[in-house]
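Counting along the sequence shown from 1, when you hit position 153 you're at 1207 in the numbering used here, and nothing is skipped either side.
Quick notes on the structure that follows.
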Amino acid sequence: MASFYRKWRSKMEFGLFTLPVLICVAVAFYIPFVMTVRYSLTKWNGISKHPKFIGLDNFKQIFTGDANFTNAAWFTVKYAVLYIVLINVLAILLALVLDAKLKSKTWLRAAFFIPYILSLVIVGFIWKFIFMQGFESLGNSTGWHIFKMSWLGEPGLAFVSVLFVSIWQSIGFYLVIYIAGLQSVPGDLKEAAVVDGAGPVRRFFSVTLPLLAPSITIAVFMALTNSIKVFDVILSLTGGGPGGTTYSVAYDIYRDTFTNNLYGYGTAKALILFVAVLIITVIQLTIFKRREVEA
């Protein structure tokens, strides 16, 4: 009887302590998700009290007759692939340099990390000023053609600008991940590779890179999720221009929902984005975790 009472009391205490957490999770995630699924099946302007149920018509329209969503999805795919590759390659190279015995490595690490502290919205406005007025002044004073180019007015250059600003702002975060990974590589393995006659390049690809697998998994995961959901830098830097060529999926959702008052339609797009991010991240983590074990 005493044993049963202790078990019952332990379960009650566990339930009392976890109940507030479960309520917060339900209010913050599960209830909004269920409402998202509900509104994605309706035609709603965000004001009327009785959204009109239309079934899967929103999803049919998205996949068959929405050119803006198709273009935004293609922009997001291109941006995500280039962002993931470039920021990870650059972060690894910088980490290798800043992990060396440099007197100024502490200051350099701080210099690279400071932009990450700033919001991408603020960074976007800063670089918008630089591209539009700062480059114009530099072009007039130096005569260099690169500063006279319309970095936000031509589709190709606008894409490059968005990509560059995003990498510039966030590379410090990935740099920290890779520096931590490099510092966890055992020194005796590096020394053994030197004794075996391996050069710097061979040591990197044969010893350092395989042991960086956990850091690469984390960095690629973060880069993947952040790039697919890119929104704030586009809002402040290009506003989707020129001519809608820098619309990402997240920005297209924002435009349909809050500008065009198509709340049901925008919610359907948001649900598609959620499912896409979920599937891609699960696949990525599965593949990279398997390689970690092999490494």
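For each residue, glycine too, the CB sits at the ideal point set by N, CA and C.
Segment contact: the stretch 1220-1237 against the stretch 1157-1171, three or more CB-CB distances shorter than 8 Å; contact assigned. In the structure shown, the three-state DSSP call for F1167 is helix. The three-state reading of DSSP puts K1106 in strand, counting E and B together.
Checking the DSSP bridge columns, you'll see K1097 partnered with K1106.
Taking 7 Å as the cut-off, the Cβ atoms of I1221 and L1140 count as close.
Per DSSP, the continuous alpha helix (DSSP H) segment holding R1256 begins and ends at 1254-1257. The C-alpha of I1077 is placed about 14 Å away from the C-alpha of F1068. Secondary structure in the stretch 1209-1259: no beta strand (DSSP E) run of 3 residues or longer lies completely within the stretch.
By a beta-carbon distance limit of 8 Å, G1297 does not contact S1094. Their separation comes to about 28 Å.
Sorting T1340, T1313, I1108, A1126 by C-alpha distance to the C-alpha of F1213 places A1126 at the top. In this structure T1292 is not in contact with F1342, their Cβ atoms being roughly 32 Å apart against a cut-off of 8 Å. The stretch 1274-1341 contains no complete beta strand (DSSP E) run of 3 or more residues. Remark: C-beta atoms of D1306 and F1123 approach each other more closely than 7 Å. For A1322 and P1268, the gap between their C-alpha atoms comes out near 35 Å. In the three-state scheme derived from DSSP, where H, G and I count as helix and E and B as strand, L1174 is classed as helix. Y1133 sits buried, since 16 or more C-beta atoms from the chains shown fall within 10 Å of its C-beta. If you draw a 10 Å sphere on the C-beta of Y1084, you find fewer than 16 other C-beta atoms in it, and that means exposed. At least 7 Å separates the beta-carbon of A1277 from that of I1231.
If you ignore the 5 residues before and after Y1308, its C-beta comes within less than 7 Å of the C-beta of F1285, all in its own chain and listed in chain order. A residue is called buried once 16 or more other Cβ atoms fall within 10 Å of its Cβ, and N1314, having fewer, is exposed. In terms of Cβ geometry, R1257 and A1247 form a close pair [threshold 7 Å]. The count of Cβ pairs closer than 8 Å, one atom from the stretch 1205-1219 and one from the stretch 1174-1188, reaches three, so the stretches are in contact. A residue is called buried once 16 or more other Cβ atoms fall within 10 Å of its Cβ, and G1294 is buried on that count. K1114 sits in a helix when the DSSP states are folded into three classes. Taking 8 Å as the upper bound for CB-CB distance, L1325 and T1090 are in contact here, some 6 Å apart.
In its chain, beyond the 5 residues on either side, V1261, T1262, L1265, L1266 have a beta carbon closer than 8 Å to the beta carbon of V1239.
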